[in-house]
Structures are given as structure tokens and as C-alpha cells.
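Quick notes on the structure that follows.
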Amino acid sequence: SQKIEQNSEALNIQEGKTATLTCNYTNYSPAYLQWYRQDPGRGPVFLLLIRENEKEKRKERLKVTFDTTLKQSLFHITASQPADSATYLCALDETGGFKTIFGAGTRLFVKA
Amino acid sequence: GAGVSQSPSNKVTEKGKDVELRCDPISGHTALYWYRQSLGQGLEFLIYFQGNSAPDKSGLPSDRFSAERTGGSVSTLTIQRTQQEDSAVYLCASSPIISEETQYFGPGTRLLVL
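The listed protein sequences correspond, in order, to chains A and B.
The first sequence begins at 428 in the working numbering and counts up one residue at a time.
The second sequence begins at 106 in the working numbering and counts up one residue at a time.
Given below as C-alpha cells:
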């Protein structure tokens with residue numbers, strides 16, 4: 428069966444450290460993978476998109492990697508700040524935008 | 106508008122009642138999506154619209170759920186004869202075109218069925 432899995436346990440890290448979140452998928456062949464941030468009581472907000480032919484994508488303190496052999500994406504936040512505390516969702520799409528599948532998300536807590 | 110808006114923000118209803126949830130997408134966005142998010146769960150895809158047309162309704166949980174979009178803009182998700190398991194946050198998103206990858210989400214409607 429098709430699955431998209433993110434670590435359900437919350438990640439607690441100290442301010443200034445690098446946070447690394449994992450997204451694994453099975454039985455999908457995504458054209459691209461996205462990461463979204465969701466704050467309590469709010470809708471998800473798009474952060475980064477990485478395509479199947481890209482290994483790495485960066486945006487400011489964010490970095491995403493995509494390994495289609497391992498069927499895994501890693502999401503890194505460097506020099507983390509308490510304001511980075513949120514739930515981070517990965518999402519993939521095989522169909523070119525018609526049906527995006529979201530993971531359940533990983534909650535990140537950054538302590539000052 | 107500046108972003109996707111949804112109304113009401115919160116809805117409490119009694120089991121068996123019908124509810125209507127509204128989504129106003131970003132002006133000019135032709136693609137519109139509905140998702141459901143239960144506590145601790147990922148977003149569950151319900152339906153998407155390309156213009157006023159919904160090519161794939163297979164994500165709707167049951168025949169109590171229906172959605173429509175008029176004028177290529179506002180969309181309404183209707184749940185008939187609500188059940189307690191319908192309690193969730195219903196999120197709407199839009200994108201400029203259906204093949205545009207990034208989706209812009211509204212704040213959601215929190216539905217509680219008593």
C-alpha cells in the first residue's frame with residue numbers, strides 16, 4: 428500500500444542547533460515533494476519544493492534533500508530559533524497537481 | 106482578497122444536522138482543493154476543482170459529502186446528516202492553475218459535531 432511517513436514523535440532541540448526532519452514514502456513515484464509549515468489553528472504554509480531530478484534545494488536557513496532511491500526527503504533548519512517551533516508537513520504528488528498527499532507532520536519545539 | 110478565506114471559522118452542530126462550509130480562494134486562482142484534518146492526522150484529500158468542474162470526487166468520505174463551485178470562485182462543502190466522526194478541521198486551498206504545485210491554504214473551519 429502507499430504510505431507517506433513522518434516521525435510522529437515531537438522533535439525537541441536547543442536554539443542555534445540544526446533541526447532535521449524526515450519524510451519517507453513507499454509505493455509512490457512523486458514528480459516532486461514539498462514541505463509546509465503549520466502553526467496551531469492555522470492552515471499550512473508552503474516552504475520549499477524539490478523535484479525528482481534535484482538532490483538538494485536551499486532557501487535561507489532551510490535545506491531540503493530528496494533521495495528517490497531511498498524514497499526519502501530530509502528537511503533541515505539551521506541555526507534554529509524558537510520561532511521555528513511548528514508542525515512541518517511533507518507532501519508529494521504523482522499527478523502533476525491533481526492530488527497532493529500529505530504526511531501527518533512532525534512537531535518541532537525549539538527551546539531558547 | 107489577500108489570501109484564501111474560509112467561513113465560518115468554527116462551527117458546532119448537533120448530530121444529524123446539515124452544515125455548509127465556505128471557501129473564498131485567492132482571486133484568479135482556477136484550482137481549488139478541500140482537505141480534512143483530524144486531530145494528530147495528516148491532511149485527507151477530499152476533492153479538487155478545476156474551474157467549476159470536479160473531475161475526481163473519489164476522496165469524499167461518503168455520499169453525505171458534496172461540494173460545488175460557482176463562477177470559478179467561491180466553493181461550498183456541504184455535509185448532510187452530520188455524524189460525530191465528521192468532527193475535524195476542514196481546510197481549503199487554491200492555486201493559480203491545476204498544474205501549479207504550490208497550494209495556498211485558508212485558516213480552516215473547525216467543525217464539532219455533538
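Yeah, the Cβ is synthetic: ideal placement off N, Cα and C, and Gly gets one too.
Not one beta carbon of chain A lies nearer than 8 Å to the beta carbon of residue 188 (chain B). With respect to the C-alpha of residue 209 (chain B), the residue from B:136, B:113, B:117 having the closest C-alpha is B:136. Straight across, the Cα-Cα distance linking residue 476 (chain A) with residue 484 (chain A) is about 8 Å. Taking a 10 Å sphere around the C-beta of residue 444 (chain A), we find fewer than 16 other C-beta atoms and assign the residue as exposed. By the Cβ neighbour-count rule, residue 513 (chain A) is buried, with 16 or more other Cβ atoms within 10 Å of its own. Under the 8 Å criterion on CB atoms, residue 151 (chain B) is classed as non-interfacial with respect to chain A. Interface residue (Cβ-Cβ distance to chain A less than 8 Å): residue 212 (chain B) is classified as such. Shown here, residue 518 (chain A) sits in a strand according to DSSP, grouped into three states. If only complete runs of 3 or more residues are kept, the stretch 108 to 194 of chain B shows the beta strand (DSSP E) at 110 to 112, 115 to 118, 124 to 129, 136 to 142, 148 to 155, 170 to 174, 180 to 184, in order along the chain. When DSSP states are grouped into helix, strand and coil, residue 466 (chain A) belongs to the coil group. Just so you know, the alpha carbons of residue 143 (chain B) and residue 189 (chain B) end up roughly 12 Å apart.
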